[in-house]
Amino acid sequence: MKLFGRSFALFAAVLLHVSIGLGAEELTVRFVNLGVREGLANASVSSLAQDAAGFIWIGTQGGLHRWDGNSFAIYENEPFDDQSLPHNLIQTMYMDEDGYTLWLGTYGGLTRFDTRSERFETWAHDPADPRSLVNDVVVAIARDAAGALWVGTLEGLDRMEDGGFAHYRADPDKPDALGAPVIRSLFRDSKGRLWIGSSGGGLHLYQPESDSFLRYAKDSGPQPRLPSDYVFDIREDASGSLWLGLWYYGIARFDPDAGSIEGYPLADNRVYFINAAEEGYVRAGTWGGGLFELIKSSGVVRRFGKSDDKAWSLAHDTMYSMLVDKSGELWVGSNGGGLSHMIRDPASFSIFEHQEADPASTGPGKVTSVLEDSKGRLWVGSYNGGLARLDPSTKGFVHYRYVKGDGRSLPNDIVTRVYEDSKGVIWVLTNAGMASYDERRGDFDRYARIADDPDSLADDVLYAIMEEPGSGNFWIGSYTHGLEYWDRAAKRFIHFPARKGEDGALGDNLVYDLAYDSQGRLWVGTNGGLYRHEGGGRFKAYLPNKNDRGSLPSRIIRGLRSASDGSLWIATNGGGVAKYLPDTDSFSYWTKRDGLPSNVVLAIQEGSDGQIWASTATGLSFFEPASSRWRPFGGPSDLRYNEFTVGNAVGKDGRLYFGAVNAVYRIDSRLVLRRDFLPPVRLTSIMVDNQKASPGTSPWIVEELRLPWNTGSVAFTFAALDYRDPSRNQFAYKLEGLDEDWTFSGSRDYAGYTNLTPGRSYVFRVKASNNEGVWNEEGLALRLRVEMSPWLSWWAIVLYALVLGSFVWLLVTLRSKARLRGEVHELSRLKSELEEANVRLEELASHDGLTGLLNRRSLNIELERRFKAALALGEPLSVLMVDIDCFKPYNDHYGHQLGDEALMAVAQGIKTALERPQDSVARYGGEEFAVILPGTELPGALKVAERIRAGIADLKLPHESSTVVPVVTVSVGAAELKPKPGIKPVELLTMADSALYRAKEAGRNRIAS
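684 is the number that the working numbering gives to position 563 of the sequence shown; each next residue is one higher, with no gaps.
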């Protein structure tokens, strides 16, 4: 078995149907394609199945694959190994009724594969055995109502019985026999009837009472007559109707009871399979003509195929197989194009996008501002793309661009904000001042900085504008000169620049956004904190404080939104979303751990239904108050443009607008469908000291694991089996008995622990969410039992007691002083040996067996001791979290032996960087290390962190699989805290871990605090 990984987020989504409406594309059906580049051993996908555990099994011409959404496990033929797959070319698969036994039809016979034990058993043709399989090429498999297994081959039909096979041969001249030798399909319907489709011999109904067949054909047999005798597939829909896939014709609804047939000839009549699993649709895959879809309610047939002039299309026109998985997702296998995910987009959104060939489309570049004005017109400002306007009565955008020498054109093509005031005037902020739109002339009146006029604008680059209620004056945020107040009656701008360190003044000149709250107070979001105008030109500052969880999570404020319920929401760069709590003058906040796609949040918007939405650097999300979590909207497989911007708006009809790169999405939140599918959570591997645990047993069925007392490490990989958009599935794990809280690992699907305490029991738990943030809280649980050290086992203790008892008895009974002295000496020797054994035991229990560093348990003890000392002395305490960059790919590329050597080298490098005896380092788990720096403030901790980072890089350990540089590097998160009563040491670790996450998110091989 081989394992291959892939990044689902890199797949291309495919737009097939375009319905232009005012420049918007109504998305319908798209495909996401997986091929050899993504990990398939072969791009010809002949069959698909899903087991009871939730894994998808893929039969190809290059072997069997198990897919968990993130990686493929591949099972191939091994020469001279009768326990392996007999032939890599798999023609068909049948999942048995237990949900775990997979039957494979190969070019090497019939194979039974137990997905729980990963064992193969094969039946092949033996010329010397008349009861063996009639032919090794198995094309169809099914089980009848009595439980017998039927096998269709190129030379007839077999039924498995008593360890052999009964054969049914074709005889076209006999009406109760098979009409052709090649059996293409087998199907048991909801009434328990077994149907057999043949290539050229028609359709057959097995009649168990006579052990014969009733044959339906094109030119003979009972009614209804078939349009074609080449019955390649048979399926049944939810209503009980039978559907036939007919080569040389198309598809047909077949009703034997009524004696009727309803045909749908297709443009390409080489039908290879059909699928009727999704309500309302029947789909047919053809051998070269693509995929056809029949909409049953209307009788309309649509075709989807490969398009050479579109980057996003079905990967291949030769269709092979199809599956509708347990969550309702559709998968199509092709002969040469791999596996395609068929996605029917919801009706909840449409898109306006820039198209080079269409001058009536939106402008190019990053959308920086969106406005639907009081007249229903849509305004879109973009970076270097100017301003575009779409009127309700027209079908295309009108564009406004900067024209050199024209004083009434747009001031600049970099538009930063479009705003409508209380009188309906449209204002445009740019990188060269601001302008108002003249409705009569259709051009602009400009306002710009005048160098010699102190009453003019102080800056040409403007980002934010807000009308002061009642006065008609404006507050304007600039790039380098802080806040401006425009007294329009006096025709002057009053300047409020930043004065850092001055009480009551702004602390940063870059103003991103402005908002009035429900009490009429102006809030100012800057690059250096949030400020509230207290009147008289004075501002109250709100800044992050690492020692106060109620402070802002980030100082970079990108967006503000005063909601209809009076709440104030804040979009931050790096700190997620914050909400102001007026009762305590503090903030609550949410990050990726709470379901946000990214901690870089650029804008907040409120729908007409009161739903709060966040626009982030990697996707959209909306807030669910009941769970206090954010739920992603769409994802890389749903939204073609997934990098969102600050531009956003809400229309008069309640629809929301969100800007992206080269596009604007229009979303009707009332039509948003929640996917509440709870993904099964499964273990995909268990490694003990870098060796596979429980060989011969699939990891996901292991319930308890017994570990030797000297186990150095245990590692797990896991999967959430929701395949809609696996890259957005989230995980959290904990080891009960060691971890106090859950570790939210995002999309990281592995965890590791070192030096578990002998004699202890643990429970490893994992929970996971689907791509929309719906969590399976039950998840999985694996019990771990670490054996007691031999010298501390019950029999060892009994032996110690017997030995000591014997010596005590000798001491009492022996009269000779010389002998007594000898026995006392012997007792002393034994006592010394016991003490040495205890020292060795303590060393094993407190240190990591591989690196010699403190282990996780000792780290907790040392941190607790240093934390108490710092609290007593009033000293700071710093912690560094160090993570080896891209270590999993390192192990995959170089092997676990070199991986262990790299871990030891990094551990020694960290120890070398520590110059004080009171500093300590521990292996935190897997490739993570923790460093405790007593009496050290953050600047000093950052210096130590840089010594560590530079020292590891200087080792120049080769790492060809790194996405950073081709040598081993580390990322470091630093945190400092002055302990106070009520604060737990784990909070310092959490701070350092969060900083480490930021360092990795910023590109790795760096330090964050």
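Cβ atoms here follow ideal geometry from the backbone N, Cα and C, with glycine treated the same way.
With respect to the 8 Å criterion, residue 326 and residue 334 are classified as neighbours on the basis of their beta carbons. Residue pairing by DSSP puts residue 548 in a beta bridge opposite 540, 557. When the beta-carbon positions are compared, residue 649 and residue 629 come within less than 8 Å of each other.
When DSSP reads this structure, residue 328 sits in a beta bridge with 333. When DSSP states are grouped into helix, strand and coil, residue 222 belongs to the strand group. The C-beta distance from residue 691 to residue 681 rounds to 6 Å, short enough to meet the 8 Å contact threshold. The beta strand (DSSP E) runs lying completely inside the stretch 598 to 628 and spanning 3 residues or more are 604 to 608, 613 to 617, given in chain order. In this structure, the beta-carbon distance from residue 554 to residue 572 does not fall below 8 Å. Rounded to the nearest whole angstrom, the CA to CA distance from residue 164 to residue 190 is 17 Å. Scanning 1129, 829, 460 for the CA closest to the CA of residue 153 turns up 460. Residue 726 has its alpha-carbon roughly 14 Å from the corresponding atom of residue 493. Residue 899 is classed as exposed because its beta carbon has fewer than 16 other beta carbons within 10 Å across all chains shown. The alpha carbon of residue 901 has as its nearest neighbour, out of 839, 892, 851, the alpha carbon of 839. Approximately 12 Å separates the beta-carbon atoms of residue 800 and residue 870; this is outside 8 Å, ruling out the contact.
Counting only runs of 3 or more residues that sit fully inside the stretch 1032 to 1088, the beta strand (DSSP E) segments are 1041 to 1046, 1049 to 1055, in chain order. With a threshold of 16 other beta carbon atoms within 10 Å, residue 533 meets it and is buried. Contact between residue 635 and residue 596 holds, with the beta-carbon distance rounding to 6 Å and staying under 8 Å. Rounded to whole angstroms, the Cβ separation of residue 1086 and residue 1050 is 20 Å, and the two are not in contact under 8 Å. Around the CB of residue 311, fewer than 16 other CB atoms lie within 10 Å, so the residue is classed as exposed. Boundaries of the alpha helix (DSSP H) around residue 1107: 1106 to 1122. Counting along the chain, the unbroken beta strand (DSSP E) around residue 807 starts and ends at 802 to 809. With contacts defined by Cβ atoms closer than 8 Å, residue 260 and residue 226 form a contacting pair. Per DSSP, the unbroken beta strand (DSSP E) holding residue 386 starts and ends at 381 to 386. In the three-state DSSP reduction, residue 1095 falls in the strand class (E or B). Judged by beta-carbon spacing, residue 821 lies within the 8 Å limit of residue 803, meaning their Cβ atoms are closer than that value.
If you look at residue 753, you'll find it isn't in any alpha helix (DSSP H); it sits in the beta strand (DSSP E) that goes 750 to 754. The stretch 353 to 365 makes contact with the stretch 378 to 398: 3 or more CB pairs, one atom from each, lie closer than 8 Å.
Annotation: residue 563 to residue 500 spans about 14 Å, alpha carbon to alpha carbon.
Contact between the stretch 816 to 834 and the stretch 235 to 251 is present: three or more C-beta pairs spanning the two stretches fall below 8 Å. Taking C-alpha positions only, residue 645 is separated from residue 734 by approximately 20 Å. For residue 863, the three-state secondary structure derived from DSSP is coil. Its chain contains 971, 972 as the residues whose beta carbon lies nearer than 7 Å to that of residue 1025, once the 5 sequence neighbours on both sides are disregarded; these appear in chain order. Rounded to whole angstroms, residue 1005 and residue 1046 show a C-alpha spacing of 11 Å. Shortest Cα-Cα distance from residue 1048 to any of 1011, 1054, 1066, 454 involves 1011. Note on residue 879: 16 or more other CB atoms within 10 angstroms of its CB, so buried under the neighbour-count rule. The stretch 536 to 551 makes contact with the stretch 580 to 597: 3 or more CB pairs, one atom from each, lie closer than 8 Å.
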